[in-house]
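Let me begin by presenting the structure, written as structure tokens, before commenting on it.
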Amino acid sequence: MFRLLYRCLLRLHPRRFRERFAEEMLCIFDEAAASRGAPALLGDSFLSLVRQWAFRPAWPAPAGAAAAPGSDGMPVFYTCGNSMPRPGALLNGMILSVAAFGVVSFAIGNWGRPQLRPLAMAGVRARPAQASSATPVSSPGNQVSEAWTKLASMFSASTPPADVSDASRTRTSVLQAVESEVLPVLGALDADHDGSISAVEIARAASALEALDKNHDGKVTPGEWSKGAGSVSRSVAPGTEPLPASHPANRSAACVHLFAVLIALDADLDGRISAEEMRNAPAALNTLDRNKDGMLSAAEVLPDAVCGQ
Amino acid sequence: MKDDFRGFLPLSPATLHILLALAGEDMHGYGIMQEVSRQSDGHYKLGPGTLYDNLQRLTGQGMVQDVERRAGDDDPRRRYYRLTPLGRGVLMAEVTRLEGVIRDARLRAQTAKPRRA
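Those sequence lines, one after another, are chains G and L.
Take the first sequence: its position 175, counted from the start at 1, is 175 in the numbering used here, and no numbers get skipped.
Take the second sequence: its position 62, counted from the start at 1, is 371 in the numbering used here, and no numbers get skipped.
Encoded structure:
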């Protein structure tokens, strides 16, 4: 591949230079690629290309060559006007510029992504939580603090979790899942909306989760805490038939198992937080306190902690 | 120093090394690159693009010329280059100039007076 690229660069050189030296340069590439490295030779060829087009517009005249006399015996002198770039040179220069731009764009697109990803994600702003018209305004489950949304925007999974059944979920989808599945729960637990769950808030986790139980059936389902799933405004009355599998609330249940805080709260991993699990919420949340400081920070509850495990 | 040679001075490092490499014998391009690296103990390495850009200019100026391919050479793509009398004269002029620079530098270094603070 390097040899092919080298030949392409040689092909872009001015015709006279190419006809004169291209074969020799290719011969040297074949001999020196192993010792000097093909990338170094490619770089040298690229610089040569720029040099030839920018600084060597014409083949230099032999030393001592006198100006040829005109038809009347007077010597002919060439002015600067005769050194204007040839149309072919301008066209080749334009092609070279486009090619260089394409190479740089390709390099950034394929090899610069890890470096550019934090910059790209810094521009992502989680949508502020919008209270549904069918839910009480005072419901803490829908009040997602700005602190958590800002922190969540900084946490984008490097790779989609392997246990997600939907293989086409993209990084953006994971961030959206964080926003819809995790942030409402964290917003409920973080009573003072300071971006962390204090020891007092951990102790009051059971009552905070009970506030999410909108149909008062003794358990909190993804349909009740999930934002944007479309089911928040539809209260599921006790004793009614379970929602169909295609319902957005059930689809979001798959995301429960993605996030540490939901995994901790949903001890039996049935996609719902039962009454007993709500009562055990303080103890479950304390298991997430990795640094044992009595409180839960964003790093301990947001998805990167899961993806890194 | 002939006026004809003075017009080409001072030589760039690449030109100086190429002329020095050809001063001993005719060489092909890769041989020049290897000789330049050897002369500079590996500190100065010519790439093919830089080499042939200089060879193009030196050939145009008449300091270097192509020679016929040597018999028995394996690769038919190789071309050999030879230093012309003009090139040899320019090279010697540059060496003389550099000798003067070194001489002045040593003289100044020996007689340097301490500067007042």
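Virtual Cβ for every residue (Gly too), placed ideally from N, Cα, C.
Just so you know, these numbers come straight off a predicted model, no measurement behind them.
- Taking C-alpha positions only, residue 270 of chain G is separated from residue 263 of chain G by approximately 10 Å.
- Close CB contacts of residue 336 of chain L within its chain, under the 8 Å cut and outside five residues either way in sequence, are with 330, 344, 389 and 390 (chain order).
- In this structure, residue 45 of chain G lies near residue 358 of chain L, with their beta-carbon atoms less than 7 Å apart.
- Nearest CB-CB separation between residue 27 of chain G and chain L: below the 7 Å threshold.
- Sorting G:89, G:27 and G:88 by C-alpha distance to the C-alpha of residue 385 of chain L places G:27 at the top.
- No Cβ-Cβ contact shorter than 7 Å links residue 283 of chain G with residue 265 of chain G.
- Taking a Cβ-Cβ cut-off of 7 Å, the neighbours of residue 47 of chain G in chain L comprise 358, given in sequence order.
- Under a 10 Å Cβ-count criterion, residue 414 of chain L is classified as exposed, with fewer than 16 other Cβ atoms of the shown protein chains found around its own Cβ.
- At least one C-beta of chain L is nearer than 7 Å to the C-beta of residue 21 of chain G.
- For residue 407 of chain L, the uninterrupted alpha helix (DSSP H) segment begins and ends at 394-419.
- At a cut-off of 7 Å between beta carbons, residue 51 of chain G contacts chain L.
- The C-alpha of residue 51 of chain G is placed about 15 Å away from the C-alpha of residue 21 of chain G.
- Here DSSP, grouped into helix, strand and coil, assigns residue 293 of chain G to coil.
- Counting only the Cα atoms, residue 104 of chain G lies some 58 Å from residue 276 of chain G.
- Within chain L, the residues 339, 342 and 357 have their CB atoms less than 8 Å from the CB of residue 32 of chain G, given in chain order.
- Within the segment 358-374 of chain L, the residues whose Cβ lies closer than 9 Å to any Cβ of chain G are, in chain order, 358, 359, 360, 361, 362, 364, 365, 366, 368, 369, 370, 371 and 372.
- Here DSSP, grouped into helix, strand and coil, assigns residue 391 of chain L to strand.
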